[in-house]
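A.B. asks: One structure coming up, written as C-alpha cells, with questions to follow.
Residue numbers (UniProt numbering): 1 to 71.
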C-alpha cells in the first residue's frame with residue numbers, strides 16, 4: 001500500500017468492523033505485494049481500533065483457463 005487512499009481504505013475497514021461490534025476476527029488477503037501490504041496496513045489499523053485479529057491468511061489465486069475450442 002503505497003498511497004494515501006489505500007491507507008484510508010485500511011483505516012475505514014477497521015472502523016467499519018468496530019462499528020458492528022466485531023472485536024475478534026480473522027482476515028484473508030491475496031498473496032501478492034498489494035494484498036500483503038494491504039494486510040499489514042489493515043492489521044495496524046485494527047490494532048489501533050482495539051480489534052483482535054486471531055489469524056490472517058494469504059492465498060494464491062489462479063485463473064484456470066477455460067477450453068475455448070468448439071466442437
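Don't be surprised by glycine CBs; every beta carbon is placed ideally from N, CA and C.
Since we're looking at a predicted model, the values are computed, not measured.
What does DSSP give as the partner residues of residue 24 in its beta bridges?
C.D. replies: Residue 24 pairs with 52.
A.B. asks: How many Å lie between residue 27 and residue 46 at the Cα?
C.D. replies: Approximately 11 angstroms, taken between the alpha carbons.
A.B. asks: Please name the residue, chosen from 33, 31, 60, 44, that lies closest to residue 12 on a Cα-to-Cα basis.
C.D. replies: Among 33, 31, 60, 44, the Cα nearest to that of residue 12 is on 44.
A.B. asks: Distance, Cα to Cα, residue 71 vs residue 29?
C.D. replies: Model confidence at residue 71 stands at a pLDDT of 46, short of 50, so the residue's coordinates are unreliable; what they give is reported in the following sentence. When rounded, the distance between both Cα atoms is 39 angstroms.
A.B. asks: Buried or exposed: where does residue 42 fall if 16 or more other Cβ atoms within 10 Å of its Cβ makes it buried?
C.D. replies: Residue 42 should be labelled buried.
A.B. asks: What did DSSP end up calling residue 67 once you bin it into helix, strand or coil?
C.D. replies: Because residue 67 sits at a pLDDT of 47, beneath the cut-off of 50, its placement in the model cannot be relied upon, and the following sentence gives the value as read from the coordinates. Three-state DSSP puts residue 67 in coil, outside helix and strand.
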